[in-house]
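Student: Dumping the structure here so I can ask a few things about it.
2 protein chains.
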Amino acid sequence: MTINRDVDQIRDKLEEKGYRLTPQRQAVLETFLANPDRHLSADDVYSIVKATNPEMGVATVYRTLELFRELHIISEQDFGQGMSRYECACDDSHHHHIVCLKCGRVWEFNNATLERVERQLAKDYDFDVVGHNMQLFGYCKNCRQKEDEPGH
Amino acid sequence: MTINRDVDQIRDKLEEKGYRLTPQRQAVLETFLANPDRHLSADDVYSIVKATNPEMGVATVYRTLELFRELHIISEQDFGQGMSRYECACDDSHHHHIVCLKCGRVWEFNNATLERVERQLAKDYDFDVVGHNMQLFGYCKNCRQKEDEPGH
DNA sequence: GTCCTTGCAAAGGCTTTGCAACTGA
DNA sequence: TCAGTTGCAAAGCCTTTGCAAGGAC
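As they're listed, the protein sequences go chains A and B. For the numbering used here, count along the first sequence from 1 and bump the result up by 1. For the numbering used here, count along the second sequence from 1 and bump the result up by 1.
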């Protein structure tokens, strides 16, 4: 099963650096592996993990998120909602986000043109780019239709 | 003088909606007009305004920022620094940001290709785009050079 | 034993809110 | 008069930190 293999790989990655894959960390990891399409907040992760590990503390979630982010196991996003969101960074594909301001759903996209623009900008500004972030905010088809319904 | 004209225009904009341009609001407005190139945090604005209006309270700054944002007088940015930053939105030009993770300086750029990509994406996803955000994070030339200096 | 890790509670930092007082038309 | 506005302090929210206890090697 893919998830078990992923867990093993990440256990190695942690142990290489002198860290352990504790049950708590594994629970957080599995939450991300089981939700590859979601952009989880710290609180989302906490709630999900707490369901099976009631002894889990929030601080551990935050510490684990920071550790995973450092090791590039997950990546952090800010959609301007007052808290960070995290997603699995298991594949190295850079992608960008389209965020619906009504329902909060997030779509991801890759765009070769964008990557090209980015490389050109890095060159123009003599800038060593280590991360990027492109977000479109607006309203999805679904939410627009709801707006148009009578009574709204 | 341009700034006075801008102030008058915005006074009209406020009064149209039933708001007043109070001395506090004018002080905040002038801070933005006087710093068109900066990306000010709420605390930056507070410090600047407090220098000439010592009675100014933080709450007023936040309330003014929200009001100005609603009226599209300023726009809000989040560079992942734990607080929002605001900039004058007096001209309607959309632009994007290059943020140095070391010195925190921000460069702005416009890019026609990017705008084109954005329009295409809006079409592809049937999305009503009302805002966007492109940020590159990394290290500027200056900070890279400092890193290379002996002793660092 | 030693270092990593944890849960708890307290503290931090940014932002919002309740409220009584004030202001301008 | 009346709605809009303000300063202050308290509260809210997300996140980090101090610390003593627990756990793996």
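Virtual Cβ for every residue (Gly too), placed ideally from N, Cα, C. Note that this is a predicted model, so its numbers are computed, not measured.
The beta strand (DSSP E) spanning Q136/A covers which residue range?
Tutor: D129 to Y140
Student: In chain B, which residues lie with their C-beta within 8 Å of the C-beta of Q136/A?
Tutor: The CB of Q136/A comes closer than 8 Å to the CB of H133, N134 and M135 in chain B, given here in chain order.
Student: Flag R145/B as yes if its beta-carbon sits less than 7 Å from any beta-carbon of chain A, otherwise no.
Tutor: Yes, contact with chain A.
Student: My output table needs one value for N143/B: the three-state DSSP class, helix, strand or coil.
Tutor: helix
Student: Of all the options I49/B, H98/B, W108/B and E119/B, which has the alpha carbon lying nearest to the alpha carbon of R154/B?
Tutor: The displayed coordinates of chain B run from 2 to 153. Any statement about residue 154/B would go beyond what the structure contains.
Student: Answer with buried or exposed for Y87/A, where buried requires no fewer than 16 other C-beta atoms within 10 angstroms of its C-beta.
Tutor: buried
Student: Give the single residue among F69/A, R117/A, C89/A and G81/A whose Cα lies nearest to the Cα of Y154/A.
Tutor: Lying outside 2 to 153, the shown extent of chain A, residue 154/A is not represented and no answer is given.
Student: If I follow the unbroken beta strand (DSSP E) through R39/A, where does it start and stop?
Tutor: No residue range can be given for R39/A, since it is assigned to no beta strand (DSSP E) and is classified by DSSP as neither H nor E.
Student: Measure the Cβ-Cβ separation of L102/A and F138/A and say whether it is below 7 Å.
Tutor: Cβ distance < 7 Å, so L102/A and F138/A count as in contact.
Student: Below 7 Å between beta carbons: does that hold for V62/A and Y47/A?
Tutor: yes
Student: Can you pull the chain B residues whose beta carbon is under 8 Å from the beta carbon of V118/A, in chain order?
Tutor: N112, T114, L115 and V118
Student: By DSSP, does I49/B sit in helix, in strand, or in coil?
Tutor: helix
Student: Is F80/B helix, strand or coil by DSSP?
Tutor: coil
Student: Taking Cβ positions, are D127/A and K124/B nearer each other than 7 Å?
Tutor: no
Student: Rounded to whole angstroms, what is the Cα-Cα separation between C89/B and D7/B?
Tutor: 11 Å
Student: Can you list, in chain order, the residues of its chain with a C-beta nearer than 6 Å to that of L22/B? Leave out the 5 residues immediately preceding and following it.
Tutor: R12 and L15
Student: Can you pull the chain B neighbours of G139/A, defined as C-beta to C-beta under 8 Å?
Tutor: Chain B residues near G139/A: A123, F128, D129, V130, V131 and G132.
Student: Grab the span of the beta strand (DSSP E) containing Y87/A for me, first residue to last.
Tutor: Note, Y87/A: beta strand (DSSP E), S85 to C89.
Student: Does any residue of chain B bring its CB to less than 7 Å from the CB of K142/A?
Tutor: yes
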